[in-house]
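In what follows, a single structure is set out as structure tokens and then discussed.
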Amino acid sequence: MDKVFIIIVGGYILLSLILVPFQYRYVEQMEKMRKANEKKGISQGEMMENMEFEQQVLHANVQGSILFFLANILATIVYKVKHREKAAR
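Using our numbering, read the sequence shown as starting at 1 and increasing by one per residue.
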């Protein structure tokens, strides 16, 4: 039983590490969209309402899926660390 658990957890961690670059690009694009809309005076709620249906579904799946949970957290941490260094310069 322990081996099965270790294999499942190890597989999830490996999958999350593989997904981090894709999630990083997603986080980066969402941040760019947020900044662009902030300049226009559009709130995040309005941004979501203005998205096409397909984009809303993709966004919900990426944000809400337990499969992407660890990858999303890691990508967000990497993004914040990278951009914190740029902001400090």
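Don't be surprised by glycine CBs; every beta carbon is placed ideally from N, CA and C.
task = Give a single yes or no on whether V78 has its beta carbon closer than 7 Å to a heavy atom of the ligand NAD.
result = The ligand NAD is not part of the structure shown, which contains no ligands of any sort.
task = Within 10 angstroms of the Cβ of N61, are there 16 or more other Cβ atoms? Answer buried if so, exposed if not.
result = The residue you call residue 61 lines up with position 61 of the sequence shown. Classification of N61: exposed, given that the 10 Å Cβ count is below 16.
Rounded C-alpha distance that separates M33 from L67 = Indexing the sequence shown from 1 puts residue 33 at position 33. Indexing the sequence shown from 1 puts residue 67 at position 67. Cα-Cα distance, rounded: 24 Å.
query = Helix, strand or coil: how does DSSP classify G41 here?
reply = Residue numbering aside, residue 41 sits at position 41 when the sequence shown is read from its first letter. G41: coil per DSSP, three-state reduction.
request  = Drop a sphere of 10 angstroms on the beta-carbon of V27, count the other beta-carbons inside from all chains shown, and report buried for 16 or more, exposed for fewer.
outcome  = Here residue 27 refers to the residue found at position 27 of the sequence shown. Counting Cβ neighbours within 10 Å, V27 comes out buried, since at least 16 surround it.
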